[in-house]
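Going down the list, the sequences are from chains A and B.
Heads up, the first sequence is in the working numbering, so the first residue is 57 and it goes up one at a time.
Heads up, the second sequence is in the working numbering, so the first residue is 4 and it goes up one at a time.
By construction, the Cβ of each residue, glycine as well, lies at the ideal position given by its N, Cα and C atoms.
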Amino acid sequence: MKSAVLLLPGLNRDRDMIAALTKISGAPPVTVWQTETEIPDVDLIVVPGGFSYGDYLRCGAIAARMPVMEAVREKAAAGVRVLGVCNGFQILLEAGLLPGALMRNASLKFVCKEVSLEVANAQTCFTSQYEAGQVIRCPVAHHDGNYYSDAETLARLEDSGRVVFRYANGSNPNGSMNDIAGIINESGNVLGMMPHPEDLIEPAHGGEDGAGLFRAALDIAA
Amino acid sequence: MIQARVTVTLKNGVLDPQGKAIEGALGTLGFDGVGQVRQGKVFDVEMDSADKEAARKKLSDMCEKLLANTVIEDYAVDIL
Chain A
57 MKSAVLLLPG LNRDRDMIAA LTKISGAPPV TVWQTETEIP DVDLIVVPGG
107 FSYGDYLRCG AIAARMPVME AVREKAAAGV RVLGVCNGFQ ILLEAGLLPG
157 ALMRNASLKF VCKEVSLEVA NAQTCFTSQY EAGQVIRCPV AHHDGNYYSD
207 AETLARLEDS GRVVFRYANG SNPNGSMNDI AGIINESGNV LGMMPHPEDL
257 IEPAHGGEDG AGLFRAALDI AA
Chain B
4 MIQARVTVTL KNGVLDPQGK AIEGALGTLG FDGVGQVRQG KVFDVEMDSA
54 DKEAARKKLS DMCEKLLANT VIEDYAVDIL
């Protein structure tokens with residue numbers, strides 16, 4: 057399956073993402089610059105992490121209004137898989153592709169460490185290679201990962217299994233509601249998450265817990 | 004030329020860790036009698052127009068589309 061990685065000024069985790077996708081799929085993803093209005097025919101679009109537009113206004117706010125995001129919206133509506141990691145998650149929220157918002161960490165500190173992540177829903181196209189309730193390791197690195205939504209939205213997410221990843225074992229690094237680390241859209245093809253699975257995919261990283269997410273998203277057998 | 008001021012504030016009930024930290028720092032400085040502090044944003048926008056109502060409408064549209072995240076923020080538009 058083919059993949060694409062969006063490029064926007066200020067993102068800095070794009071190369072990790074390209075390396076991960078290349079390693080796992082055996083072919084480099086196509087890269088798509090922010091001003092493009094069309095995205096090539098791919099099966100997975102990834103919005104990587106970083107600090108698009110210097111986090112000006114709000115994290116992801118300006119990136120979410122760039123022309124390429126309209127193309128992402130069209131592809132997502134057509135069922136193409138979309139993954140947003142860290143700033144990519146913030147961009148998907150600001151673009152309205154996922155509900156809620158990410159606020160400043162409750163500690164007010166930038167957190168850069170490993171957390172325990174519970175796979176709260178293993179029946180998505182991104183998590184099918186994990187077991188429900190499985191706890192995996194994953195690094196986080198962010199200043200604004202404190203997930204917030206109104207009570208009604210939160211209940212809707214919880215009731216429909218749309219909380220896909222949760223910080224486990226008391227490792228919530230940011231004050232996120234219900235320990236939410238990642239959520240999926242109603243159709244099940246757009247996933248946003250704060251942790252960085254692309255940074256734990258080979259032994260040289262110290263673990264491979266993140267690899268299953270990319271294999272699943274690219275329909276590559278475990 | 005119209006000079007406008009847009010004020011964006013967090014909705015009631017949305018936690019504001021930054022406001023809380025500022026509240027604490029004010030206490031540290033010895034300012035007593037300070038209740039809750041909430042942090043917001045102000046945008047001063049020049050509009051090349053003479054029609055105040057049209058400008059107000061356009062500014063509200065800007066808030067809905069970019070200046071505010073209406074999931075967590077409210078906004079107010081003032082024509083100065």
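Looking only at A:120, A:96 and A:170, the smallest Cα-Cα distance to residue 143 of chain A is reached by A:120. In this structure, residue 103 of chain A lies away from residue 77 of chain A, with their beta-carbon atoms at least 8 Å apart.
Spatial neighbours of residue 162 of chain A in its own chain (CB-CB distance under 8 Å, excluding positions within 5 residues in sequence) are listed in chain order as 202, 230 and 231.
Rounded to whole angstroms, the Cβ separation of residue 204 of chain A and residue 75 of chain B is 6 Å, and the two are in contact under 8 Å. At a cut-off of 8 Å, the C-beta of residue 6 of chain B has no neighbouring C-beta in chain A. Counted as a single uninterrupted DSSP element, the beta strand (DSSP E) harbouring residue 6 of chain B occupies residues 5 to 13. With fewer than 16 other CB atoms across the displayed protein chains lying within 10 angstroms of its CB, residue 278 of chain A is exposed. Rounded to the nearest whole angstrom, the C-alpha separation of residue 225 of chain A and residue 173 of chain A is 8 Å. At a cut-off of 8 Å, the C-beta of residue 72 of chain B has a neighbouring C-beta in chain A. The beta carbon of residue 269 of chain A sits closer than 6 Å to the beta carbons of 182 and 253 from its chain, once the five residues preceding and following it are set aside; these are given in chain order. Contact between the segment 116 to 131 of chain A and the segment 91 to 99 of chain A is established, with three or more Cβ pairs separated by less than 8 Å.
About 4 Å separates the beta carbons of residue 66 of chain A and residue 108 of chain A, which is inside the 8 Å limit, making them a contact pair. Taking 8 Å as the CB threshold, residue 156 of chain A lines the interface with chain B. Apart from the 5 residues on each side of it in sequence, residue 58 of chain B sits with its Cβ closer than 8 Å to the Cβ of 5, 7, 50, 52 and 82 in its chain, given in chain order. In this structure, the alpha-carbon of residue 36 of chain B lies about 9 Å from that of residue 30 of chain B. The beta carbon of residue 70 of chain B is closer than 7 Å to those of 9, 11, 46 and 78 in its chain, skipping five residues each way along the sequence. Cβ-Cβ distances below 8 Å link residue 271 of chain A to 80, 185, 277 and 278 in the same chain, with the five nearest sequence neighbours on each side left out; the list follows chain order.
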